[in-house]
Every structure is written in structure tokens, then in C-alpha cells.
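**Student:**
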Amino acid sequence: MFSSAVGVLFDGFAYGMLLFLLSVGLSVTLGMMNFVNLAHCTFAAVGGYCTVTVVNRLGWPFLAALPIAFVAGALLSVVLERLLFRRLYRASDLDQCLVTIGIAFMSIATFAWFYTTEPQSARPPAYLLGSVELMGRSFGIYRLFLTAVGLAITALLVYSLEYTRFGARVRAAVDNQRMARGLGIDVDRAFLFTFALGGGLAGLGGALAIEVIGLESTLPLSVILVYVLIVVAVGGLGSIRGSLVAAIVLGITDTAGKYYFPWLGAFLIYLVMVALLMWRPLGLFGKR
Amino acid sequence: MKKLLVAAAIAAAFGSAQAQQTVKIGMPLTLSGQFADAASQMLNGAKTYMKMHGDTVAGKKIEIITRDVGGPAPDVAKRLSQELVVRDGVDILAGYVLTPNAMAAGDVSAEAKKFMVVMNAATSVVITKSPYMIRTSVTLPQVMETFGTWAATKGGLKQSYTMVTDYGPGIDAEGAFQSAFKAAGGNIVGAVRFPVANPDFSAFVQRAKDIGPESIFIFIPGGAQPAALGKAMAERGIDKKKTRVLGSGETTAEAALKSMGDNALDIITAWHYDYTSKNPLNVKFVKEYQGVSGGRNPDFFSIGGYDGMHAIYEALKKTKGNTDAEALIGAAKGLKWESPRGPMMIDPETRDVVQNVYIRRVQKVGGELVNVPFETIPMVKDPAGERRKQAAAKK
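Protein chains in written order, with my numbering: chain H, -5 to 282; chain A, 78 to 472.
1) Could you tell me whether the region 128 to 141 of chain H touches the region 129 to 139 of chain A, using the rule of 3 or more Cβ pairs below 8 Å?
2) For a minimum of 4 consecutive residues, which ranges assigned as the alpha helix (DSSP H) are wholly contained in the region 153 to 221 of chain H?
3) Suppose the cutoff is 7 Å on Cβ atoms and the five residues either side in sequence are ignored; what does the same chain contact list for A:D44 look like?
4) Restricting to Cα atoms, I'd like to know which of H:G199, H:I102, H:Y121, H:L219 is closest to H:P113.
5) Can you tell me whether A:D145 is helix, strand or coil according to DSSP?
6) Can you give the Cα-Cα distance for A:I436 and A:L446, rounded to whole angstroms?
7) Pull up the distance between the alpha-carbon of H:G10 and that of H:G144, whole angstroms please.
8) Could you give the residue range of the alpha helix (DSSP H) that holds A:Y383?
9) Please list, in chain order, the chain H residues whose beta carbon lies closer than 9 Å to that of A:A257.
10) Please check the pair H:F64 and H:G41, which I expect to be a contact at CB under 8 Å, by giving their CB distance rounded to whole angstroms.
11) Based on the DSSP output, what are the partners of A:Y37 in its beta bridges?
12) Touching or not, the region 239 to 247 of chain A and the region 286 to 301 of chain A, by the rule of three or more beta carbon pairs under 8 Å?
13) Would H:V268 be called buried (16 or more neighbouring beta carbons within 10 Å of its own) or exposed?
14) Using Cβ-Cβ distances below 8 Å, what residues of the region 250 to 284 of chain A are close to chain H?
15) Using three-state DSSP, classify A:V369 as helix, strand or coil.
16) Which residue's Cα is closest to the Cα of A:G225: A:V273, A:K259, A:F192, A:Y244?
17) Applying the criterion that 16 or more other CB atoms from any shown protein chain within 10 Å of the CB defines a buried residue, is A:S93 buried or exposed?
18) Below 9 Å between beta carbons is the criterion; list the residues of the region 202 to 221 of chain H that meet it against any residue of chain A, in chain order.
19) Which residues of chain H have a Cβ atom closer than 9 Å to the Cβ of A:K124, listed in chain order?
20) Return the CA-CA distance between A:L175 and A:P450, expressed in angstroms with no decimal places.
21) Name the two residues that bound the continuous beta strand (DSSP E) containing A:Q432.
22) Could you tell me which chain A residues have their CB closer than 7 Å to the CB of H:G130, listed as they occur along the chain?
23) Taking only beta-carbon atoms, is H:A59 less than 8 Å away from chain A?
24) Apart from the five residues on each side of it in sequence, which residues of its chain come closer than 6 Å, Cβ to Cβ, to A:A187?
25) Of the residues A:E391, A:M337, A:H349, which one's Cα is nearest the Cα of H:S115?
26) List the residues of chain H whose Cβ lies closer than 9 Å to the Cβ of A:M424, in chain order.
27) Between A:R313 and chain H, is the shortest Cβ-Cβ distance under 8 Å, so that the two count as touching?
28) Can you grab the Cα-Cα spacing for the pair H:F261 / H:Y157, in whole Å?
29) Is A:G382 close to chain D, meaning its C-beta is less than 8 Å from at least one C-beta of that chain?
30) Once you ignore the five residues that flank H:R175 on each side, which residues in its own chain have a CB closer than 6 Å to its CB?
31) Using 8 Å as the threshold, is the C-beta distance between A:D459 and A:S201 below it?
32) When DSSP labels each residue in this structure, what does H:L92 get in the three-state scheme?
33) Beta-carbon of H:S237 versus every beta-carbon of chain A: anything under 8 Å?
34) Using the three-state DSSP reduction, which class does A:P417 fall into: helix, strand or coil?
35) Contact criterion: CB-CB distance below 8 Å. Does A:G48 meet it with respect to chain H?
36) Would you decide whether H:D87 is buried or exposed? Buried here means 16 or more other CB atoms lie within 10 Å of its CB.
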């Protein structure tokens, strides 16, 4: 019983880390710019397809492909932000939803065109596969790796947002845009950087997710988008801490639900979401 | 429905007066959405047949008209089938990747009296929806009951834990495997159903591992999921020498094997087709297919489309080009042929597919992972269809 609980906690935590990487960008951009980007998982898919291309066609090592996936996600989000999204910051939520859903559909068709609708794979090196035995319980090495990457990224994010000048500007822009502008902070630039960061992290998440959930052209509008939106809603808009806690809670609930109550299936996370949002309608760490 | 009949009759008369020399085949397929890959593979199978055998049969030119259903949408499938019959004046309905779509379109075939060829939709009961329908794919009980019986007898397994996706075909496969396995003396030690959209399988696999059964039976739709499940099993360290892993052909399809890598070794599956078969007919088919599909290998959707076209061609030859549904179904009943998958037949009574079921094991052949068949169960009929027949006889 105890050992199975440890295993479930570990698996859920690692899965939560993956969800965190995929969703933190959306949470920040939604909170900062009030922009509903339903095409967020497109960045993840771009990261995933970049990894597949770099690893399978160019023969690069998997780990070297990860930064590329980050850059690809960041680049795409910058392009979209400059070309499309910035025109819509003041548009209604419905307009934003329609445009970004359209982009998600177009990206699905684009991926299917270039990579076919077949599921893709990019195998990590052998030392990241398999499992290690600890206290009579096996722990997946790739999940340990996911956890490590997730924690490292969290530390980096917290440091850069809490302790650097860039972070101070971003926080100022999130808390009070008009005041920040009045103080001479280049809010547009802060937005652009944040968008790039969010897109990049989603790209990295997409690359890391290939080994856990696979990669198909339909990823931008798959169940992963639902999970990402749940993380954002439960965590509270614009809160990194909120996204982290929500992703971990969600990952552990999902895994524990499937292990202990498989007949409830994936339903448990929705119950938890409803309960948490009834308790805190703005999300765990939401301010507005 | 009367209106539809009249309209169909007018359209048919109009169509035949206008284009005497063309046989139109209407194919409502899931060309976009989650099942787009299946539909394109099926369509390429049909096109490959036409490429290899010409587009004229019994003096008539064959023309395919496709429509996009977009996904599991029975209402859309029915409307599109109806439009194909009424507006485009098709003579034959064909295709149908998904069971709900085929079920809904069966009504159109029955009411408008159109010959219908189901090229996938594998739920047994589909075939009862129209007396003018044949199926050239596979039925779930055909493979899964056969597999359950095999596992408990020749497979030498006494215990199994079943893991299936929680949707129609998954539940059918679970029922078929469990009942056949138990009837042959096996014991089901537990069962679990995955949600249809399930990204991470680790918890389910961990649960199975903790129960420690002698074998695990899996049924899961194709796409990204088989690989995700296979990886979770490898990560959990399920030793396939101790715990046998059994599955349907989708579990170890080409893409799934590629992304699972060596983790897939020793998975045992039962299925009716694999593109690596050395059957000379198949070698030729695969080569032609790659030309049509731009390098992709065929899968079971492709072979369903290919053999569906074969059945249409052979039936048209027998009726000398007459597309009347009664004539075509009469000609199609009892058709026998050598397919790239092996020998097959359209059951003269149930109109369903009769074919070999192959038990295969994933092995490394020349550095590639391949489903190597090691046992053949010849000419299996759909057991559910046989039971329906007996029940009808009792009444």
C-alpha cells in the first residue's frame, strides 16, 4: 500500500511537471495580456515536430533537439504575436477564441500535410529509458528526467521573474499595465518576451511529451488542450506558482484516480477541478 | 422515406440515362479529424486496386466520389450517403471507417436499394443493417474470440487481465476475448477500461503490474496511443517472458512498433493482415500501394479498401455491369478470392467476411521489428453472426 502510494505520487508528480511546462506559458499570457490563446498547444506540436525532424532526419541527439524545440516554439509565438495576436488584445474574448481556434485547425492541417497523420516518434537515448529499482519500487528514468527538467525550469522562471529587472518589469506589466506604461516600462516588449518564453516552454513541453503521450497532427486540439486549460483555470491566471501547484495536483489526481479507482477513469480530475473552483473561483493563486 | 425513394428513383433514372457507361461508387469517409489517417489509407487501398486492375469493368468505367464525414457522426454519414444516392446518383456505397457511420448509412442502402461495401467498421452487428451490404474488413468477435480460445488452449495461458479502451469496439473486444478465454478454461483475474482520450498510461500499467497476472490482453485504437501504452509497459519493466502481452493488430501496427522500439518484442497479437507478409500477392500489392500513397505502407484499412474494390469488380463482372442491388448482392454472396491477406470469402448467408486469423509475435527480422505469424486459424466466420443465425433459426 505504502509503496504503491509512493509510486503513484512520483508518477503523478512527473506527469504534473510535463503539464506545467505545457501550460505555464498560456497562464502567463492569459493573465498578463488577457489574451485567450486556444492555439497554445500548436507551440507544443511545433516543438514536437521539430524534435522529430532533428532527431530522425538529421540524426541529432535527443537532448540537443530540446533547445531547438524551445526556440521553434518561441519563434512561432513571436511571429504570431507580431502578426496577429497584438491586433486582438482589445478584441472580445469570442474574437480571440475564434482566431486562435482557426490557427489551431490550420496548424493541424499543416502538420498532416508535411508529416502525414501518422503518429511520430523521436526516441530518447537509451540511458533515459527503462527504470531504476528503489525500495522495491521501480521508477521510470525518463520520469525522473522530466521531474528534474521541470524543477530546473521552475527555479529558473521564479528566479528570473522575482529577482531580475526583466522580471520586475513583467510583474509590473501584469499587475497594472497603465501604471507600468506611465513609469516608462516598454510593456509591448515585455509582452513579446513573455509570449516567446511561454511559446518556447510549450515547445519544450511538446518535445518532452513525445515519449509519454506520443505526437500526432491533432495535438493542438487534443485532450492535452483540455488538461492545459484546467491547469490554467485551477492555478489562477498569470500565476506561475498557481500553474505549478495546479499541474502537480492535477497530475497526481489523474494518476491516483486511474490507479486506485480505474472505473472512474479520467473523470476524477473534473470533479477535483469543480471542487477547487467552487472553493476558489479565481483559481488557487488567482488575483483577478 | 417515401420521398427519398422517389427522389432516388428519379435520380437513378436520370443518372443512368445520362451516363450509361459509368458506375459511380460513393464513399463517405472520415477524411478530416482524428480518423483522417484511417480514411486516407482506406482510399489509397481502393485506388491501388483500380491502378492494378484498370478503371473499367464489364464495359463500364468506375468512378469514385468521396465525401468527408469528419469523424464519428452518424447523422452526417447518413445525410452524405443519402446525398450521394439522390444528388450524385451513385450506384454503390462503399468505405465507412467507423461503426456508427456504417450503421447509419445502412438504412440508406436498405431503403434506396443500393449495394453497400463496408471496408472497415468492425462491429459485428453492422452487417444486419441492410440486406444489400457486404463487409470486406474484419469483425471484432472474429479475431478476438478466436484469440481468446487460442490463448487458453494452444497458448497455454490460464490467467488473463484485460485492458481495453472504453468505447464500443473496446467493450466488444473485451467481451469477446473474456467469454472465449473463459469458455476454453481460462480465468479472468481483472479488467480495466481506459478513457477514450487518455494521454498517460502509467497508472493503468502499474496497476496491472501490481496484480501480476500471467497475461495481459490489450485492445486499443490505432494512433498515438498504442505506442504510449507500449512505452509505459517498458518503463514499468513488465517482463514479457513472465507476463504475456496479448493484443489486437492495432497494438503493434507499423507506427506503434517504430515508436515502441525493442519494447515491443514478444507482444503476441491476433490479426488478419500485416504488410510484411511474404505472400507474393502481398509483395506486389505493397509495392503498388507505396506508389499510390507516396511511400506509406498499407495497413488493415488499406486492405479493407483493396478487397472491397475487388468484391465490387467481381460482382459487376458477374452481373455484366448491372448495378441493381439485388443482382449485385446475389453476385457478391459466396465470392471467394485470394487476397494479399490470404484466402477470403463473402459468407453466402451472413454476407460477412470469412478469412484466416493469424497469431503473430513481434520479433526482430534483419534489424526491423516485424509481426511474425506462427499460427494460422483458417477461414474463421464471424462467431457473433453465427449466433444470430442460430437464434433466428430457433424462432
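We put the CB at the ideal spot given by N, CA and C, even for glycine. What you are looking at is a predicted structure, and each value in this text was computed from that prediction instead of being measured.
**Tutor:** With the given structure in hand:
1) No: the two stretches stay apart, fewer than three of their Cβ pairs being nearer than 8 Å.
2) Here the runs fully enclosed are 159 to 169, 171 to 176, 181 to 207.
3) What the structure shows of chain A is the stretch from 78 to 472, and residue 44 of chain A is not part of that stretch, so it cannot be assessed.
4) H:P113 has its Cα closest to that of H:I102, out of H:G199, H:I102, H:Y121, H:L219.
5) In this structure, A:D145 counts as strand in the three-state DSSP scheme.
6) A straight line joining the alpha-carbon of A:I436 with that of A:L446 spans about 16 Å.
7) Approximately 9 Å between the Cα atoms of the pair.
8) 377 to 395 is the span of the alpha helix (DSSP H), which, as asked, contains A:Y383.
9) The contacting residues do not exist; A:A257 stays about 23 Å from chain H at best.
10) Between H:G41 and H:F64 the Cβ distance is about 7 Å, and since that is below 8 Å, they are a contact.
11) Residue coverage of chain A in this structure runs from 78 to 472, which leaves residue 37 of chain A outside it and unanswerable.
12) At 8 Å Cβ cutoff, the stretches touch.
13) H:V268 comes out exposed.
14) Residues are counted here when their Cβ sits less than 8 Å from a Cβ of chain H; for the region 250 to 284 of chain A these are V269, R270, F271, P272, A274, N275, P276, D277, S279, A280, F281, Q283, R284, given in chain order.
15) Here A:V369 sits in helix by DSSP.
16) Taking the Cα of A:G225 as reference, the smallest distance to any Cα among A:V273, A:K259, A:F192, A:Y244 is reached at A:K259.
17) Note that A:S93 has pLDDT 48, beneath the 50 cutoff, so the model's placement of it is unreliable and the number below is only indicative. That one is exposed.
18) A203, I204, E205, V206, I207, G208, L209, E210, S211, T212, L213, S216, V217, I218, V220, Y221: these are the residues of the region 202 to 221 of chain H whose beta carbon lies less than 9 Å from some beta carbon of chain A, given in chain order.
19) The premise fails here: A:K124 is roughly 16 Å from chain H at the closest Cβ pair, so nothing lies under 9 Å.
20) Just so you know, the alpha carbons of A:L175 and A:P450 end up roughly 27 Å apart.
21) 430 to 442 is the span of the beta strand (DSSP E), which, as asked, contains A:Q432.
22) Residues of chain A passing the Cβ test: none, with the nearest at roughly 12 Å.
23) Taking CB atoms only, H:A59 has no neighbour in chain A less than 8 Å away.
24) Cβ-Cβ distances below 6 Å link A:A187 to S207 in the same chain, with the five nearest sequence neighbours on each side left out; the list follows chain order.
25) That would be A:M337, whose Cα lies nearest to the Cα of H:S115.
26) A quick correction: the sequence has Asp, not Met, at residue 424 of chain A. Chain H residues near A:D424: none, gap ~33 Å exceeds 9 Å.
27) By this cut-off, A:R313 is an interface position.
28) In this structure, the straight-line span from the alpha carbon of H:F261 to that of H:Y157 is close to 40 Å.
29) The structure shown contains no chain D; its protein chains are H and A.
30) Counting only Cβ-Cβ distances below 6 Å, and skipping sequence neighbours, we find V181.
31) Cβ distance < 8 Å, so A:D459 and A:S201 count as in contact.
32) Judged by DSSP in its simplified three-state form, H:L92 adopts helix.
33) The beta-carbon of H:S237 is placed no less than 8 Å from the nearest beta-carbon of chain A.
34) The answer is coil: DSSP assigns A:P417 none of H, G, I, E or B.
35) Since the first residue of chain A shown is 78 and the last is 472, residue 48 of chain A is not available in this structure.
36) Result: exposed.
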